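Peer 1: Here it is, the structure, as structure tokens.
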Amino acid sequence: MTSVVTSEISLYELVAGSTSAPLAMQISPVTFKSLMSSLIDLVVDQDQPASVWAKLPKGDAWQTEFDRYLDHIPPQQQVFCFKNQRDESIEESASLESFSRATTPIVLPLDSILRREYFFIVWSNQFCGLLVGHRARAVQQSDTPIDEDPPEKKQALMAYLVIDPEIVRNAIAVLQPLASRPEPLPEFDHLNPALTNQLLAKHIQRQEDLWQRATTHRRQAETANLLQLQNEELLSTIRLKDEFLHTVGQELRTPLTNMKTALTLLNSPSLKPPQKQRYMELLVRECDRQSSLITSLLDLVSLDQMAEHTTIQALSVADVVPGVVSTYQPLAEEKGVRLAYTIPEGLPAIACLPTWLKQIVINLLHNGIKFTPRGGQVWVRAKQQGEYIQLEFRDTGIGIAQSEVPKIFDRFYRVRQSFDEETSGAGLGLTIVQKLLLHCGGSITVKSRVGEGSVFNVLLPIYRGHQES
22 MTSVVTSEIS
32 LYELVAGSTS
42 APLAMQISPV
52 TFKSLMSSLI
62 DLVVDQDQPA
72 SVWAKLPKGD
82 AWQTEFDRYL
92 DHIPPQQQVF
102 CFKNQRDESI
112 EESASLESFS
122 RATTPIVLPL
132 DSILRREYFF
142 IVWSNQFCGL
152 LVGHRARAVQ
162 QSDTPIDEDP
172 PEKKQALMAY
182 LVIDPEIVRN
192 AIAVLQPLAS
202 RPEPLPEFDH
212 LNPALTNQLL
222 AKHIQRQEDL
232 WQRATTHRRQ
242 AETANLLQLQ
252 NEELLSTIRL
262 KDEFLHTVGQ
272 ELRTPLTNMK
282 TALTLLNSPS
292 LKPPQKQRYM
302 ELLVRECDRQ
312 SSLITSLLDL
322 VSLDQMAEHT
332 TIQALSVADV
342 VPGVVSTYQP
352 LAEEKGVRLA
362 YTIPEGLPAI
372 ACLPTWLKQI
382 VINLLHNGIK
392 FTPRGGQVWV
402 RAKQQGEYIQ
412 LEFRDTGIGI
422 AQSEVPKIFD
432 RFYRVRQSFD
442 EETSGAGLGL
452 TIVQKLLLHC
462 GGSITVKSRV
472 GEGSVFNVLL
482 PIYRGHQES
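Take the sequence shown: its letters are residues 22 to 490, numbered as in this note's numbering.
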């Protein structure tokens, strides 16, 4: 038989108003359930007759824990289970079917103060305990049971855990009239200290288990996040490689198409000598472009592989720059461009490989000469700047528009202000320079004005010993 009662009694306030009331705790529903489970463990292990009064949140986790207690007690033991009237009728509730064999269900009306409280009370001849909790006043207006809230929104409970026999007896005394068949409580002999210690030990162990599981879940979540980031990086790398291969295909096809066109036209019987000479020059130029593109691609692909297995060395810029300038001197003279360099004595060594510095200087000098018209100048100056050696590559060439400066280090990008179609290259030189500087801890900046020239400032770190890429 199910009884429906009206009550204005608050167990929480009853405990709070007691002269020997313990300190109130603000705890999560998870901690409340953990404390309840510790009480259940103690009662099950004690294997003594006990009266239990319970009002728990809805949910399978709470019901499963309560069923664990019911499975270990004899049918005649007193168990009173309180439910809110709005939750569901006792007769129709599948979750309460298990109560019929060992419990007395009690339905609380909608206006009962107890409907906003949860409790678990145990009374035996050697131990008693009361766990009661209710929501803080700030969330009293919510009708959602704590177990129905999402985990991140579960509200904290204000709770008491009491083992004082007088307080526990008073709490049961106010609940007994609500039961249709209240029975006398088992005679309380004395409070067994060993059981109190056991309750504390069980709760500490349970909290430790919860902490260990939470730690494991957190590590699993961190691992999952890391794997997701790695997966996104791999997908991004694959996309970049696909885009790179697509661009490479287009860049390789262009000179081949031009060469095929020139070869077709050279077979024309009506071709005049000047036209034939122009097509032959086109073939040579496109072959050079194709060769330059393939060489640059191989250099670019091999950079990352080389950097992984390379140890940075101490290097003097005076051992590299003069040799490269001398190599490009004939080309500069042929174009009518003045080429020079200035390297002060006593500059500290830089942290870079000789082949890397040589390639950096070659690409920047080549660009300077290529985009500087006859009568112009290109020069290289070195100086110390703090913890770096600065190499300044300055030219009086055609310059670069400000809108194009951020793009010049992109793969296959070519400036539009070209005064001679022979100046068109692979578009990878500056990309290679930037990657080489990245590997050795350096940097490059650009200043340029159209019609006035450009200045490329390269910063290379001073060697400090035992530096690796």
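For each residue, glycine too, the CB sits at the ideal point set by N, CA and C.
Predicted model, so just to flag it, every value in this text is computed and none were measured.
In whole angstroms, give me the CA-to-CA distance for arginine 239 and asparagine 478.
Peer 2: Looking at the two C-alpha atoms, the distance is approximately 47 Å.
Peer 1: Strictly by DSSP, which residues pair up with histidine 155?
Peer 2: DSSP output for histidine 155 lists Glu138, Met179 as bridge partner(s).
Peer 1: What do you get for glutamate 253, buried or exposed, if any count of 16 or more other CB atoms within 10 angstroms of its CB means buried?
Peer 2: Classification of glutamate 253: exposed, given that the 10 Å Cβ count is below 16.
Peer 1: When you compare each of Ala353, Thr331, Ile127, Asp263 to leucine 457 by their alpha carbons, which one comes out closest?
Peer 2: Leucine 457 has its Cα closest to that of Thr331, out of Ala353, Thr331, Ile127, Asp263.
Peer 1: Could you check where the beta strand (DSSP E) with threonine 465 kicks off and where it finishes?
Peer 2: First, the amino acid is wrong: residue 465 is isoleucine here, not threonine. Run containing isoleucine 465: 464-470, per the beta strand (DSSP E) assignment.
Peer 1: Going residue by residue through the region 275-339, where are the continuous alpha helix (DSSP H) segments of at least 4 residues, counting only ones entirely within it?
Peer 2: Complete alpha helix (DSSP H) runs here, min 4: 294-329.
Peer 1: Compare the C-alpha of serine 145 against each of Gln311, Pro43, Tyr139, Gln69 and name the closest.
Peer 2: Among Gln311, Pro43, Tyr139, Gln69, the Cα nearest to that of serine 145 belongs to Gln69.
Peer 1: Could you check what DSSP says for glutamate 425 in three-state terms: helix, strand or coil?
Peer 2: In this structure, glutamate 425 counts as coil in the three-state DSSP scheme.
Peer 1: Exposed or buried, which one is histidine 460 when buried takes at least 16 other CB atoms within 10 Å?
Peer 2: Buried, since its Cβ has 16 or more Cβ neighbours within 10 Å.
Peer 1: For tyrosine 90, does the three-state DSSP call read helix, strand or coil?
Peer 2: Helix, per DSSP.
Peer 1: Take the Cβ of arginine 234 as the centre, count every other Cβ of all protein chains shown within 10 Å, and call the residue buried at 16 or more, exposed below.
Peer 2: It counts as exposed.
Peer 1: What's the gap between the Cα of threonine 444 and the Cα of phenylalanine 392?
Peer 2: Summary for threonine 444: the model assigns pLDDT 46, below 50, so the residue's position carries little reliability; its value from the coordinates is reported in the next sentence. Approximately 7 Å, taken between the alpha carbons.
Peer 1: Kindly indicate the opening and closing residues of the alpha helix (DSSP H) around lysine 54.
Peer 2: Where lysine 54 is concerned, the enclosing alpha helix (DSSP H) stretches over 50-67.
Peer 1: In angstroms, rounded to a whole number, what distance separates the CA positions of alanine 200 and asparagine 105?
Peer 2: About 15 Å.
Peer 1: At what residues does the beta strand (DSSP E) containing isoleucine 410 begin and finish?
Peer 2: From DSSP, the beta strand (DSSP E) with isoleucine 410 extends over 409-416.
Peer 1: Helix, strand or coil for phenylalanine 120 per DSSP?
Peer 2: Low per-residue confidence applies at phenylalanine 120: pLDDT is 47, beneath 50, and the placement is therefore not dependable enough to give any value.
Peer 1: Is DSSP giving isoleucine 419 helix, strand or coil here?
Peer 2: Three-state DSSP puts isoleucine 419 in coil, outside helix and strand.
Peer 1: Can you tell me which of the three DSSP states isoleucine 371 falls into?
Peer 2: In the structure shown, isoleucine 371 sits in a strand (DSSP, three-state: E or B).
Peer 1: Confirm, please, whether the CB-CB distance from serine 469 to valine 426 is below 8 Å.
Peer 2: Yes, these two residues count as a Cβ contact at 8 Å.
Peer 1: In whole angstroms, give me the CA-to-CA distance for leucine 537 and asparagine 388.
Peer 2: The question about residue 537 has no answer, for the chain in this structure spans 22 to 490.
Peer 1: By the three-class DSSP mapping on this structure, what secondary structure does isoleucine 383 have?
Peer 2: DSSP places isoleucine 383 in helix when its eight states are reduced to three.
Peer 1: Which residue's Cα is closest to the Cα of isoleucine 30: Leu352, Glu366, Glu138?
Peer 2: Nearest option by C-alpha distance: Glu138.
Peer 1: Would the beta-carbon of arginine 415 fall within 8 Å of that of glycine 474?
Peer 2: Yes, Cβ-Cβ distance for arginine 415 and glycine 474 is below 8 Å.
Peer 1: Please name the residue, chosen from Trp83, Arg136, His93, that lies closest to phenylalanine 103 on a Cα-to-Cα basis.
Peer 2: For the residues Trp83, Arg136, His93, the minimum Cα distance to phenylalanine 103 belongs to Arg136.
Peer 1: Where DSSP assigns a beta bridge to valine 479, which residues make up the other side?
Peer 2: For valine 479, which the question treats as bridged, DSSP gives the partners Leu412, Ile465.
Peer 1: Taking serine 347 as part of the alpha helix (DSSP H), name the residues at either end of that continuous run.
Peer 2: Residues 342-356.
Peer 1: Identify every residue that forms a DSSP beta bridge with arginine 402.
Peer 2: Its beta-bridge partners are Thr363, Glu413.
Peer 1: Quick one: Cα of leucine 188 to Cα of leucine 151, how far?
Peer 2: First, the amino acid is wrong: residue 188 is isoleucine here, not leucine. Looking at the two C-alpha atoms, the distance is approximately 8 Å.
Peer 1: Quick one, which of Leu273, Pro276, Met301, Gln398 has its alpha-carbon nearest leucine 286's?
Peer 2: Nearest C-alpha to leucine 286: Met301.
Peer 1: Which value, in whole angstroms, describes the spacing of the CA atoms of tyrosine 90 and tryptophan 74?
Peer 2: Their backbone Cα atoms lie some 12 Å apart in a straight line.
Peer 1: Within 10 angstroms of its Cβ, does histidine 155 collect 16 or more other Cβ (buried), or is it exposed?
Peer 2: Burial call: buried.
Peer 1: Quick check: the region 333-349 against the region 361-377, are there 3 or more CB pairs under 8 Å?
Peer 2: In short, these stretches touch, since the Cβ pair count reaches three.
Peer 1: Between the beta-carbon of alanine 353 and the beta-carbon of tryptophan 400, is there less than 8 Å?
Peer 2: Against a cut-off of 8 Å, the Cβ pair of tryptophan 400 and alanine 353 comes out as no contact.
Peer 1: Measuring alpha carbon to alpha carbon, tell me which of Arg310, Val183, Asp66, Ile421 ends up nearest threonine 278.
Peer 2: Among Arg310, Val183, Asp66, Ile421, the Cα nearest to that of threonine 278 is on Arg310.
Peer 1: Straight-line CA distance for glutamine 228 to leucine 56?
Peer 2: Their Cα atoms are separated by approximately 9 Å.
Peer 1: Could you give the distance in angstroms between the alpha-carbon of alanine 192 and the alpha-carbon of asparagine 246?
Peer 2: Their Cα atoms are separated by approximately 49 Å.
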